[in-house]
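Participant: Input: one structure, supplied below.
Protein chains: 2
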Amino acid sequence: MANIVILGAGVMGSALSVPAAAGNSVTLVGSPLDDAIISEVRETGRHPGLNVDLPQSIQVSTASEQNTAAFENADVIVIGVSSPGVDWALVEIARYRAKPDVLALVTKGLVSGAGAAPQTYAQYIDPQLTSTAGRIVGIGGPCIARELALGIPTRVSFAALQLSAANDLRDLLQTEYYRVTTSTDITALEACAALKNFMCIGVSAMYTAYATEEGHAKNPLAALFNQAVLEIDLLSRWIVSGVAKPDVDDSDEFSQSNRTLSAFDLPGMGDLHVTVGGGRNSRLGKYLGSGRRLQQVQRNEMHGVTVEGVDTGRQLSAGFQAACENGELDAHVLPLTAAILACIDQDLPFKFDFSSLPG
Amino acid sequence: MANIVILGAGVMGSALSVPAAAGNSVTLVGSPLDDAIISEVRETGRHPGLNVDLPQSIQVSTASEQNTAAFENADVIVIGVSSPGVDWALVEIARYRAKPDVLALVTKGLVSGAGAAPQTYAQYIDPQLTSTAGRIVGIGGPCIARELALGIPTRVSFAALQLSAANDLRDLLQTEYYRVTTSTDITALEACAALKNFMCIGVSAMYTAYATEEGHAKNPLAALFNQAVLEIDLLSRWIVSGVAKPDVDDSDEFSQSNRTLSAFDLPGMGDLHVTVGGGRNSRLGKYLGSGRRLQQVQRNEMHGVTVEGVDTGRQLSAGFQAACENGELDAHVLPLTAAILACIDQDLPFKFDFSSLPG
Chain A
1 MANIVILGAG
11 VMGSALSVPA
21 AAGNSVTLVG
31 SPLDDAIISE
41 VRETGRHPGL
51 NVDLPQSIQV
61 STASEQNTAA
71 FENADVIVIG
81 VSSPGVDWAL
91 VEIARYRAKP
101 DVLALVTKGL
111 VSGAGAAPQT
121 YAQYIDPQLT
131 STAGRIVGIG
141 GPCIARELAL
151 GIPTRVSFAA
161 LQLSAANDLR
171 DLLQTEYYRV
181 TTSTDITALE
191 ACAALKNFMC
201 IGVSAMYTAY
211 ATEEGHAKNP
221 LAALFNQAVL
231 EIDLLSRWIV
241 SGVAKPDVDD
251 SDEFSQSNRT
261 LSAFDLPGMG
271 DLHVTVGGGR
281 NSRLGKYLGS
291 GRRLQQVQRN
301 EMHGVTVEGV
311 DTGRQLSAGF
321 QAACENGELD
331 AHVLPLTAAI
341 LACIDQDLPF
351 KFDFSSLPG
Chain B
1001 MANIVILGAG
1011 VMGSALSVPA
1021 AAGNSVTLVG
1031 SPLDDAIISE
1041 VRETGRHPGL
1051 NVDLPQSIQV
1061 STASEQNTAA
1071 FENADVIVIG
1081 VSSPGVDWAL
1091 VEIARYRAKP
1101 DVLALVTKGL
1111 VSGAGAAPQT
1121 YAQYIDPQLT
1131 STAGRIVGIG
1141 GPCIARELAL
1151 GIPTRVSFAA
1161 LQLSAANDLR
1171 DLLQTEYYRV
1181 TTSTDITALE
1191 ACAALKNFMC
1201 IGVSAMYTAY
1211 ATEEGHAKNP
1221 LAALFNQAVL
1231 EIDLLSRWIV
1241 SGVAKPDVDD
1251 SDEFSQSNRT
1261 LSAFDLPGMG
1271 DLHVTVGGGR
1281 NSRLGKYLGS
1291 GRRLQQVQRN
1301 EMHGVTVEGV
1311 DTGRQLSAGF
1321 QAACENGELD
1331 AHVLPLTAAI
1341 LACIDQDLPF
1351 KFDFSSLPG
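Protein sequences, first through last, are from chains A and B.
Our numbering applies: residue 1 is where the first sequence begins, and numbers increase by one.
Our numbering applies: residue 1001 is where the second sequence begins, and numbers increase by one.
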């Protein structure tokens, strides 16, 4: 039993309120873009994006309402916005001087390191601001929001530099259908969670690039799914290798030893599977696979739609190019990354040459 | 340029003749069950199962025709039958005293070790019979036969105890669309290739076990896809651990050091992706997920249909139970294996309890 504040009333933050409310007191605070959602939840009890009734026990609030008591009493704060909302969430936490025991991150994304490896959000957040050094928990793994809100089973990963933080959050949120595994692998988890959106664009291009009488060809899709996981592993290890060991006083089981496992587990392989199955990154990929270009699609069919994988690619690009030039990364074993970046950086048609795969 | 004999004119053996014929002399020999297929290919040039024209340069033959010259001149023999045909293929090779430089195995399956870990086919084949000790090549990775025959790209793995054997076969078969990576990981490759059919049954049950208004739920499918790969890794390592180091005289780059990689690469993860996407194992899984039992389905909708994953489960079962009892395997981390075996061994309804996933 804890007081949990979820920041962001979009589909993912709101869906998390369902398992959270099973044993806790939950306040769902909309971002400045969520006022209409909060109104509708107040009037009908139903979340318009999820098309699901939220638990009656939860409190809902708009961004502009005074949420002093909720923030002051929060044991856990969950940042559940999409990437452009992270800075708003951090300002709110600072403004109310919230000191949660755990700060959880559902938002997926990277922050450009210019010529160096990008940062994950947990690295980007100043731990002094939130007083949660080592107790920031990354959340990754397959989780379509509406399915979570409906109580359909899935399994996800929680990771924190202090394993106890991940375990504490698991104990608060785990239900019969929301199954949680924990680790100290937070940087790799966050990197994988962001990279899977990016890779999904190239994998999903295979839905349209090779048609058969039976529909889409499945061999190229499976081959690039496999390649995407291998490249997520390489890129996430590169991102992890750039992390200075943080200065944490009260570390309990502090470790990054299992850092390479995330790509081949729920945050990488598992989450890529569900992401390729549907959603905005996959939709963009299908357009690119049919020969369209990114800027055409963004001006037309997907006008105004945030595609997280494109943002991740933009944050990744300069560091990736520099790392390939200085030998930190081997471009030869990362052909899918290069093919997707060519669409994002140069608006080229998506082209994956299977003979570019290393022998 | 080599003389290649492919044994088995089903869809997979026949599809391989397409890249094989690009630079080699190919003879496709039907099994005793393939006479009608061979007749139709002779008359029309078209393979009835693939619904694709085969290359005009290939020779085709029935099992009962005299194929002495083809076998005597064979540099490469490919066993392309389904598992019940392996013994026929081995008898043919022995009967013609064929001494190919490479014996390749496309067939996926395991051979029961009774109370011990099952064997893979490469272990089961007496190397003295074929004079190819160390030069048996396992083939794994995503490859729907019809797509291969259409020249749609994919990527597969070849493995042999002697890396040169895998590399030689790659040099003969690789084309622009049939991309090959090689390793010495043959036992793990064959184990993964068989286990993915078995695991596919449980993963595919998720297509029907949780319905939403939008169709099937995707979170449980992704969670069990992820779990299946983890369990393929554990089981394939168990199978590899039972392998005595074979007695090979002329080993060049002999190694089993990279044995754990197959589960998380083309023979496991990649091939499972394509298998869950369609085919007989997936079809059975969908029936089980909807509440039907194996024996019901085998008496009705899938009467007479060979489901390789069920055969693999039967070969696996006794050894798995014994290994869990004697501590070689930890049943706690293999809940999906246990759930699928309960359907096969006891005809129980398929039931996967997500709360059985290890923490």
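Heads up, the beta-carbon is just placed ideally off N, CA and C, and yes, glycines get one too.
#1: Select from the segment 1271-1282 of chain B all residues with a C-beta closer than 8 Å to any C-beta belonging to chain D, and list them in chain order.
#2: Suppose contacts are defined by Cβ-Cβ distances below 7 Å. Is residue 1152(B) in contact with residue 210(A) by that definition?
#3: Between the beta-carbon of residue 1141(B) and the beta-carbon of residue 1271(B), is there less than 7 Å?
#4: Can you check which of these residues, 1056(B), 1114(B), 1049(B), 1359(B), is closest to residue 1320(B) by C-alpha distance?
#5: For residue 52(A), which option in 147(A), 306(A), 227(A), 175(A) has the closest C-alpha, if you only look at C-alpha atoms?
#6: Identify the contact partners of residue 155(A) in chain B, using a Cβ-Cβ distance below 8 Å as the criterion.
#7: Buried or exposed: where does residue 190(A) fall if 16 or more other Cβ atoms within 10 Å of its Cβ makes it buried?
#8: Could you tell me which residues DSSP puts in a beta bridge with residue 159(A)?
#9: For chain B, find out if any of its Cβ atoms is closer than 7 Å to the Cβ of residue 266(A); answer yes or no.
#10: Strictly under 7 Å for the Cβ-Cβ distance: is residue 179(A) near chain B by that measure?
#11: For residue 176(A), decide whether its Cβ has a neighbour in chain B, counting only Cβ atoms nearer than 7 Å.
#12: Quick one: is residue 1196(B) buried, meaning 16 or more other Cβ sit within 10 Å of its Cβ, or exposed?
#13: Looking at C-alpha atoms only, which residue of 1299(B), 1093(B), 1178(B) is the closest neighbour of residue 1015(B)?
#14: What would DSSP say about residue 1003(B), mapped onto helix, strand or coil?
#15: Classify residue 216(A) as helix, strand or coil using the three-state DSSP reduction.
#16: Taking the alpha-carbon of residue 108(A) as reference, which of 341(A), 350(A), 309(A) has the nearest alpha-carbon?
#17: Count the other C-beta atoms from every protein chain shown that fall within 10 angstroms of the C-beta of residue 1(A), then say buried if there are 16 or more, exposed otherwise.
#18: Output needed for residue 145(A): all residues of its chain with C-beta closer than 7 Å, excluding positions within five of it in sequence on either side, in chain order.
#19: Residue 84(A) to residue 1212(B), Cα distance in whole Å?
#20: Taking DSSP as the reference, what is the three-state secondary structure of residue 250(A)?
#21: Rounded to a whole number of angstroms, what is the C-alpha to C-alpha distance between residue 56(A) and residue 8(A)?
#22: What residue ranges within the segment 1018-1104 of chain B form continuous alpha helix (DSSP H) runs of no fewer than 4 residues, ordered along the chain?
#23: Could you tell me which residues DSSP puts in a beta bridge with residue 208(A)?
#24: Quick one: give me the first and last residue of the beta strand (DSSP E) that residue 1110(B) is part of.
#25: Residue 1220(B) CB to nearest chain A CB: under 7 Å?
#26: When you compare only the Cα positions, how much space is there between residue 1072(B) and residue 1063(B)?
#27: Pop quiz: residue 1235(B) and residue 1337(B) are said to be a contact at Cβ under 8 Å. What is the actual Cβ separation, rounded to whole angstroms?
#28: Indicate whether at least one CB of chain A lies closer than 7 Å to the CB of residue 1251(B).
#29: Quick one: what does DSSP say residue 1315(B) is sitting in, helix, strand or coil?
#30: Could you name the residues of the segment 137-154 of chain A whose beta carbon sits closer than 9 Å to any beta carbon of chain B, in the order they occur along the chain?
#31: Could you check which residue in 1352(B), 1184(B), 1175(B), 1156(B) has the C-alpha nearest to that of residue 1267(B)?
#32: May I ask you to report which of helix, strand or coil DSSP gives residue 320(A)?
#33: Quick one: using the 10 Å Cβ neighbour count with 16 as the cut-off for buried, is residue 1032(B) buried or exposed?
#34: My assumption, with CB atoms under 8 Å, is that residue 1344(B) sits in contact with residue 1304(B). Please give the rounded CB distance.
#35: Consult DSSP for residue 349(A) and reduce its assignment to one of helix, strand or coil.
#36: Quick one: which chain B residues come within Cβ less than 9 Å of residue 199(A)?
Facilitator: Working from what's here:
#1: Protein chains A and B are contained in the structure displayed, whereas chain D is not.
#2: yes
#3: yes
#4: 1114(B)
#5: 147(A)
#6: 1223, 1226, 1227, 1354, 1357
#7: buried
#8: 138(A), 183(A)
#9: yes
#10: yes
#11: yes
#12: buried
#13: 1178(B)
#14: strand
#15: strand
#16: 309(A)
#17: exposed
#18: 11, 12, 15, 50
#19: 30 Å
#20: Residue confidence for residue 250(A) is low, a pLDDT of 40 falling below 50, so the modelled location carries little weight; the figure read from the coordinates is stated next. In this structure, residue 250(A) counts as coil in the three-state DSSP scheme.
#21: 18 Å
#22: 1035-1044, 1068-1072, 1086-1095
#23: In DSSP, residue 208(A) forms no bridge with anything.
#24: 1110-1113
#25: yes
#26: 16 Å
#27: 7 Å
#28: Bear in mind that the predicted position of residue 1251(B) carries a pLDDT of just 42, short of 50, making it too unreliable to give a figure here.
#29: helix
#30: 141, 142, 143, 144, 146, 147, 148, 150, 152, 153, 154
#31: 1156(B)
#32: helix
#33: exposed
#34: Between residue 1304(B) and residue 1344(B) the Cβ distance is about 18 Å, and since that is not below 8 Å, they are no contact.
#35: coil
#36: Under the 9 Å cutoff, chain B gives no residues; its nearest Cβ is about 14 Å from residue 199(A).
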